[in-house]
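*Asks:*
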Amino acid sequence: LWGPLVGVIPFTIIWEWVGIQFPNQSILFIGLCFLLIVYFLPQGVVGRLEELRARMRRAS
Numbered sequence: 025l026w027g028p029l030v031g032v033i034p035f036t037i038i039w040e041w042v043g044i045q046f047p048n049q050s051i052l053f054i055g056l057c058f059l060l061i062v063y064f065l066p067q068g069v070v071g072r073l074e075e076l077r078a079r080m081r082r083a084s
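Under my numbering, the first residue of the sequence shown is numbered 25, with each subsequent residue one higher.
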C-alpha cells in the first residue's frame, strides 16, 4: 500500500509543474519519466528503499 502513495505524491507535484512550465511537452515528459522508472526501478521506489535497507543491515 505504501508504494502507490509514495509514488503518486511526487509524481502529482511534478506533473503540475511540468504542465505549467511546458504545456505542449508535458505528456512526452511524463511518458519518459514512466519509462525511466520502469527501466531503472522495476520494483518501484519503495522496493528499492527496502532493498537498500536490507543491504545496510547485512553490512552492519
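Positions of the beta carbon are idealized from the N, C-alpha and C atoms, including for glycine.
#1: For the alpha helix (DSSP H) that Pro28 lies in, which residues bound it at each end?
#2: Short of 7 Å in beta carbon distance, which residues of its chain neighbour Arg72, apart from the five on each side in sequence? Order them along the chain.
#3: Give me the Cβ distance between Gly27 and Gly68, rounded to the nearest whole Å; I'm assuming they're in contact under 8 Å.
#4: For Ser50, which three-state DSSP category applies?
*Replies:* Let's see:
#1: Position 4 of the sequence shown, counted from the first residue, corresponds to residue 28. That run of the alpha helix (DSSP H) goes Trp26 to Gln45.
#2: Numbered from 1 along the sequence shown, position 48 holds the residue referred to as residue 72. Excluding residues within five positions, the ones whose Cβ falls inside 7 Å are Leu65.
#3: Position 3 of the sequence shown, counted from the first residue, corresponds to residue 27. Position 44 of the sequence shown, counted from the first residue, corresponds to residue 68. Gly27 to Gly68, Cβ: 5 Å. Contact.
#4: In the sequence shown, residue 50 corresponds to position 26, counting from 1. Three-state result, Ser50: helix.
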